[in-house]
Amino acid sequence: MYPQADEKNKSKNESQPTVRPLSKIVVPPVKQVTIEGGTFNELEDIYLDQGLISGKAEDCLYVKTTEGDYVIDTSTKQLSNGIWLIDIDGMKSIVKIARIPGNKIIVHQDDTSFECSVDDVEVIGRAVKVIKSI
């Protein structure tokens with residue numbers, strides 16, 4: 001009957017509902033970065049379809065590069081053959097790794113490749129999805 005009196009009796013939660021986008025409720029955010037000059041530049045979080053994420057969203061990193069975009073699983077640290085996000089001497093890059101006997105790897109990046117010990121690189125994560133424009 002008296003709307004002003006009713007407003008005073010409501011708790012703060014009842015009078016000001018919180019509206020959140022459905023995407024933030026259904027799909028958890030994934031951290032997004034670009035690599036420029038061997039360092040990360042953080043971007044706004046991205047929301048990916050669950051089909052693109054293997055595992056937990058908090059273990060994923062979305063990396064945008066000039067060659068394409070990569071979904072990186074940061075929970076995987078044991079190097080094997082494949083595409084990896086690594087740090088060599090403070091420079092981050094996405095490279096193709098081939099593991100060879102003697103605890104060594106061959107690192108392929110663009111037109112160059114080199115051999116080194118597994119201990120010479122810091123593993124950030126393994127690429128589980130690659131998204132490229134054609």
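Under full-length UniProt numbering, think of the first position of the sequence shown as 1, with each following residue one higher.
Every residue gets a Cβ at the ideal spot worked out from N, C-alpha and C, and that includes glycine.
Reduced DSSP secondary structure (H/G/I, E/B, other) of residue i
{"i": "residue 48", "result": "coil"}
{"i": "residue 27", "result": "coil"}
{"i": "residue 19", "result": "coil"}
{"i": "residue 131", "result": "strand"}
Cβ separation of residue i and residue j, assumed to be a contact under 8 Å, to the nearest whole Å
{"i": "residue 129", "j": "residue 63", "result": "In fact, because the Cβ distance is near 11 Å, the residues do not count as touching under 8 Å."}
{"i": "residue 27", "j": "residue 48", "result": "7 Å"}
{"i": "residue 93", "j": "residue 86", "result": "7 Å"}
{"i": "residue 96", "j": "residue 83", "result": "6 Å"}
Whole-angstrom distance between residue j and residue i, CA atom to CA atom
{"i": "residue 121", "j": "residue 76", "result": "14 Å"}
{"i": "residue 65", "j": "residue 35", "result": "6 Å"}
{"i": "residue 110", "j": "residue 124", "result": "19 Å"}
{"i": "residue 79", "j": "residue 73", "result": "12 Å"}
{"i": "residue 58", "j": "residue 39", "result": "20 Å"}
{"i": "residue 116", "j": "residue 91", "result": "15 Å"}
6 Å Cβ shell around residue i - same chain, five flanking residues per side excluded
{"i": "residue 114", "result": "107"}
{"i": "residue 53", "result": "60"}
Chain-order list of residues whose beta-carbon lies under 8 Å from that of residue i (same chain, five-residue window excluded)
{"i": "residue 68", "result": "130, 131, 132 and 133"}
{"i": "residue 45", "result": "29, 30, 31 and 32"}
Proximity test, Cβ basis, 8 Å: residue i and chain C
{"i": "residue 109", "result": "The chain labelled as chain C is not found in the depicted structure, where only one protein chain is given."}
Spatial neighbours of residue i in its chain, beta-carbon cut-off 7 Å, leaving aside the 5 residues before and after
{"i": "residue 41", "result": "33 and 34"}
> Which runs of the alpha helix (DSSP H), 4 residues or longer, sit entirely within the UniProt domain "Bacteriophage CI repressor C-terminal" (30 to 128)?
Replying inline: none
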